[in-house]
Amino acid sequence: MEQLLREKTATIVNNLYGTNFSAQEITVSQTAKEFVGDFTVVIFSFVKIAKKNPAEVGKEIGDAIQKEITDIESYNVVKGFVNFKLKNEFWNNFLLKASADENFFLLPLTNKKIMVEYAGPNTNKPLHLGHIRNIFIGYSVSEILKAAGNEVVKVNIYNDRGIHICKSMLAYQKYGNKETPQTKNIKGDHLVGNYYVKFDQELKIQIAGLMAKGMKEEEANKNAPLNIEAKEMLLKWEAGDSEVRALWEMMNGWVYEGFNKTYNLIGCDFNKHYKESDTYLLGKKIVEEGLKKNIFYKRLDGAVCVDLTTDGLNEKVLIRSDGTSVYITQDLGTADLRYKDFEPNQMIYTVANEQDYHFKVLKLVTEKLEKKYAAGINHLSYGMVDLPSGRMKSREGTVVDADDLIEEMIRTAKEQTIELGKTENFTEVEAEKLYYELGMGALKFFILKVDPRKRMIFNPKESIDFHGFTGPFIQYTYARIQSVKRKAGIDFKSSSPIIKANDSELQLLTQLYLYPNIINEAANNLDPALLANHIYLIAKSFNSFYADNSITQAETEELKNYRLLLSDLTGAILKRGMKLLGIEVPERM
RNA sequence: GGUCCGGUAGCUCAGGGGAUAGAGCAACAGCCUUCUAAGCUGUGGGUCAUUGGUUCGAUUCCAAUCCGGAUCACCA
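In this note's numbering, the protein residues as written are 74 to 662.
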């Protein structure tokens, strides 16, 4: 209807005043609540051209549109706004059609294949709150893109090799006493992470010792035995040393096992996991080819570089002077392999905005190499999660661990639910499932309701809310609707009531009607927050409606059917929308 | 220093050229013998960082300034 209004207005204005407006230039919005109407066309820009007063212009446009669009019942002009009120039949038709057809809200296929990379952890420490935001965003964006008619391939990337991986391996070799996740009874990723921390602690001691002997910090850092040994280990790894490789396989195996447990808890999934250990050699080959084609050059010290100064960036090293690969080398290989595997039209990288520069470089370099996928490279750059004190720092122990946070959310959900006595007649299994859904729902919604591009602040001292603009609020609304339907116990779906909607019904209908637009917008902007905000609006509208109107005790049977139909549709959309955010809704709570 | 992102209520966030700037939390006041009160209704709370400009209209766009963050690695 909004689009229709835009098109008709453009045509009418162009005919009337000899202008050349396109439909997209016309502003159409929801009518503000203090005025009568459903949708509003803003006509300020035509008033000047027409050289008439707003009331006249409004009348000309209003009359013409009312003639063109049969669904419009009336209109009124206030200043430069023309407010259109739709006929009851329009809303009744919408409600009936949307209720009868499960596919009513499906958007047309785009025939595009989009790859979304998300998660992307290093295999030397467990997942933290930063990964949580990454995973929630990446998963939800993937689901939203699917709902908007795209084919989506979800992929993960493991940064599973390099000096930082060797550090935890070395520390384990030195101080590990052959312990395993089984003997210590902790998750593998946490065990390995402990040794990454241990390395840093021991290194600090060594550096302090060397500095006491008169070395400067930089020098001490270079000469610390642990750092030297770590570098040696990396060389051994690259040379394929069997002992180092065996240790690497074992420890990474533990980490993957740990990660998989967390993924399961979060409820995310991937079509394929890539590992940088598999792609860095491929990346090297690509750089060599570029060198041969003179796209890159070899510096005197032997490093292979690309000159990006004409693009406003700096010189960038693609292969180190000692011949080993850097981060971008691996990414070049990974991109190439992925394109071979899936041939996507677009590759979206869900990576924090601290890497904006890196992705600019990656895109430029693939363009220079004339890779077919270069244009489709798209960095979904999300803001980092900070603490009130600033950035999370693993060295200072301020990192919020993913597993701990999830566990705490579920525990809080349990406490609050039991306090409210909501699960008294639940079985043990049902209750645990509910606590999980509520805890995860609160966490996911808390993260996803914020614009991904913006930095957000998480205060570990303040527990995440279960009231107001939250996941549980929407879950509660859904459960409430299901409860009403159970109580009603009639077949309302086969009815087709002819009702004049009251204010709160109309408000709810309008929000439901706008749902597909929001999906499209969220997909175009890669922004789950738009969806989260809208679902909240729907739930809020329902709860107002629920408070104002009796559903099962409505005045007439027809009205009862109508309200049940409306409630049912609301529930269905809440469930669909939450699913796209990765959040389950309970039938009872 | 260059580049990029941000600054909206006490706190966390919406709104990104249109009507009197909105939510949630926190505070306060009401609403459960009737469909689930994790709910609903109301009250208080704002120099939309500052200053200029463009416009019929600017919190929104542009410029400058101030404040915060990121980045400019042979780290990833």
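We put the beta carbon where it would ideally sit given N, CA and C, even for glycine.
Remember, it's a predicted structure, so these values are computed and weren't measured experimentally.
Through-space distance from residue j to residue i, alpha-carbon basis
| i | j | result |
| --- | --- | --- |
| S569 | S556 | 22 Å |
| K26 | K413 | The chain is shown from 74 up to 662; residue 26 falls before or after that span and cannot be answered. |
| L437 | F343 | 27 Å |
| L264 | T253 | 8 Å |
| F531 | H201 | 12 Å |
| M284 | A293 | 6 Å |
| R464 | M420 | 29 Å |
| N195 | T643 | 42 Å |
| K371 | I483 | 55 Å |
| D111 | N575 | 13 Å |
| L610 | I392 | 52 Å |
| E505 | F518 | 20 Å |
| E146 | F157 | 8 Å |
| K441 | K186 | 24 Å |
| K125 | D136 | 16 Å |
| Y400 | I592 | 35 Å |
| S454 | G375 | 33 Å |
| V473 | L647 | 30 Å |
| M306 | T397 | 14 Å |
| K295 | A303 | 11 Å |
| V101 | P525 | 26 Å |
| N258 | G331 | 12 Å |
| A552 | I572 | 26 Å |
| N367 | E361 | 10 Å |
| K527 | D384 | 26 Å |
| I217 | K389 | 36 Å |
| M242 | L308 | 14 Å |
| A173 | L386 | 56 Å |
| D641 | A627 | 16 Å |
| K121 | T84 | 18 Å |
Nearest neighbour of residue i, chosen from the options [CA to CA]
| i | options | result |
| --- | --- | --- |
| L209 | T550, Q626 and M513 | Contrary to the premise, residue 209 reads as Phe rather than Leu in this sequence. The residue with the shortest Cα to Cα distance from F209 is M513. |
| L373 | K170, D395 and G356 | D395 |
| V151 | G193, K132, V225 and E141 | K132 |
| N606 | E578, L654, K444 and E631 | L654 |
| A123 | V109, K106, G153 and I145 | G153 |
| D600 | L169, S172, N207 and E75 | N207 |
| K170 | L320, L585 and D476 | L585 |
| G363 | Y148, I230, S350 and D380 | D380 |
| K444 | D429, Q139 and L405 | L405 |
| E469 | D273, P659 and L632 | D273 |
| T104 | V155, S118 and T92 | V155 |
| T183 | F177, A221 and D621 | A221 |
| N634 | M457, G203 and K566 | K566 |
| Y509 | N498, Q489 and M457 | Q489 |
| L320 | R234, V270 and P298 | R234 |
| S623 | K652, F117, I554 and N590 | I554 |
| K227 | K522, N87, T550 and R411 | R411 |
Strand pairing of residue i, partner residues [DSSP]
| i | result |
| --- | --- |
| T113 | S102 and N156 |
| K124 | Note: K124 sits in no beta bridge, so no partner. |
| I187 | V225 and Q419 |
| E388 | D380 |
| V151 | F154 |
| K348 | Y231 |
| Y455 | A425 |
| I450 | M420 |
| G650 | DSSP lists no partner for G650. |
| N195 | N232 |
Collapsed DSSP secondary structure at residue i in the structure displayed
| i | result |
| --- | --- |
| I368 | coil |
| I238 | helix |
| H324 | Note that residue 324 is Met in the sequence shown, not His. Helix at M324. |
| G313 | coil |
| E146 | strand |
| S398 | strand |
| L200 | coil |
| D342 | coil |
| V472 | coil |
| L78 | helix |
| G91 | coil |
| G375 | coil |
| F207 | This sequence places Asn at residue 207; Phe is not what is there. It is helical. |
| L460 | strand |
Could you pull out every unbroken alpha helix (DSSP H) segment of at least 4 residues lying fully inside the region 225-291, listed in chain order? Within the region 225-291, the complete alpha helix (DSSP H) segments at least 4 residues long are 236-248, 254-257 and 261-285, listed from N- to C-terminus.
Continuous alpha helix (DSSP H) assignments of at least 4 residues falling wholly in the region 478-545: Unbroken alpha helix (DSSP H) runs of no fewer than 4 residues, entirely contained in the region 478-545, are found at 501-521, following chain order.
Which ranges would you report for the alpha helix (DSSP H) in the region 551-627 if only whole runs of at least 4 residues count? Correct list: 576-586, 588-598 and 601-621.
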